[in-house]
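To start, the structure itself, in structure tokens.
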Amino acid sequence: MQGPTDLDITRRDLLAIGAVSMASSAVPLVAKGQETAAQSPVMSKVSFKVNGKPQALRLDTRTTLLDALRDHLQLTGTKKGCDHGQCGACTVMVAGRRINSCLTLAVMHEGDSITTIEGLGTPQNLHSMQAAFVKHDGYQCGYCTPGQICSAVAVLGEIKAGIPSHVSADLTAHPQLTAMELRERMSGNICRCGAYSNIVDAITEVAGRSE
Ligand code: FES
Ligand code: FES
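Position 36, counted from 1, in the sequence shown is what the working numbering calls 40; the numbers after and before it change by one each time, with no gaps.
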């Protein structure tokens, strides 16, 4: 009959054998798959306008619009926060509509007109929304700010076009520019510094000016 020590050794031996056999069967498959993906990315050409300037790129088809802007066009004003469509830091406008650039592939935007924060204004000539964010302290660390401003500009376009939101009481009436409407429409843009009240003040001021 085996003693406790013999049983321990047997269990350890079995575990070791199992681990080795799993590793020997799994590792080559994973490594082979990774090698294939790394060695042969599918490349494609894509042409679009960014901030009014024509751009032609040849990209791995898996490249997101966010990475194309930041890594291939050096437009680093657009920020990568979550890279999962949850924070809004990467918001840009495509044909006037806001999108999360981390959730869309660059090659899907053939012929599109894309506007990033760099296309809205310059340090010497700020867009009215940028100036309002500065005036109302609509930021602290500033990481979310490019996305907030692109989103805010698009929000005013949505309200002007009469597009209702989830908090619009009457879907057939022109949306009112209330704080609740603005907070709902800007809810996809997270600010870890909590500058929300000042952001609403900034948007409200620009909306008042443009009406
Ligand atoms: Fe795109 Fe967060 S980086 S939503
Ligand atoms: Fe810091 Fe918004 S200003 S995250």
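Think of the CB as a built atom: it goes at the ideal place given N, C-alpha and C, for glycine as much as any other residue. Every value quoted in this text rests on a predicted model; they were computed, and no experiment measured them.
Mark residue i as exposed unless 16 or more other C-beta atoms lie within 10 angstroms of its C-beta, in which case mark it buried.
i, result
"Thr95", "buried"
"Leu63", "buried"
"Asn104", "buried"
"Ala27", "Per-residue confidence for Ala27 stands at a pLDDT of 48, beneath the threshold of 50, marking its modelled position as unreliable; the derived number appears in the next sentence. With fewer than 16 other Cβ atoms within 10 Å, it is exposed."
"Ser29", "Residue confidence is low: Ser29 scores 49 on pLDDT, short of 50, so the model does not pin down where it sits. No coordinate-derived value is stated."
"Arg189", "buried"
"Asn129", "exposed"
"Leu160", "buried"
"Ala60", "exposed"
"Thr176", "exposed"
"Ile207", "buried"
Got a sec? Which residues, its chain only, sit under 6 Å from residue i by beta carbon, not counting five neighbours each side?
i, result
"Val210", "Ser132, Met133 and Ala136"
"Cys91", "Gly85 and Ile194"
"Cys148", "Ala93 and Cys195"
"Val157", "Met133"
"Arg101", "none"
"His76", "Leu61"
Tell me the DSSP bridge mates of residue i?
i, result
"Ala60", "Ser51"
"Asn104", "Thr95"
"Gly80", "Looking at the sequence shown, residue 80 is not Gly but Thr. Answer is none; Thr80 lacks a bridge partner."
"Ile118", "Val54 and Val98"
"Thr68", "Leu109"
Near residue i, which residues of its chain fall below 7 Å by C-beta distance, leaving aside the five closest residues on each side in sequence?
i, result
"Asp87", "Cys106"
"Thr82", "Leu70, Leu73, Arg74, Cys94, Val96, Ser105, Thr120, Ile121 and Pro150"
"Asn55", "Thr119, Thr120, Glu122 and Gly123"
"Met184", "Val171"
"Cys145", "Cys197"
"Gly212", "none"
Does residue i have its Cβ less than 8 Å from a Cβ in chain D?
i, result
"Ala173", "Considering every chain present, this structure includes no chain D. It has just one protein chain."
Spatial neighbours of residue i within its chain, please: CB distance less than 8 Å, with the 5 preceding and 5 following residues excluded, ordered by chain position.
i, result
"Ile153", "Ile121, Leu124, His131, Met133, Gln134 and Phe137"
* **Neighbouring residues (CB closer than 6 Å to any heavy atom of ligand 2)** => Listed along the chain, these residues meet the criterion: Tyr143, Gln144, Cys145, Gly146, Tyr147, Cys148, Thr149, Cys195, Arg196, Cys197 and Ala199.
* To do: Answer yes if the segment 70-79 comes into contact with the segment 46-62, meaning at least three C-beta pairs across the two stretches below 8 Å, and no otherwise.
  => With a cut-off of 8 Å, the segment 70-79 and the segment 46-62 count as touching, because enough Cβ pairs lie within range.
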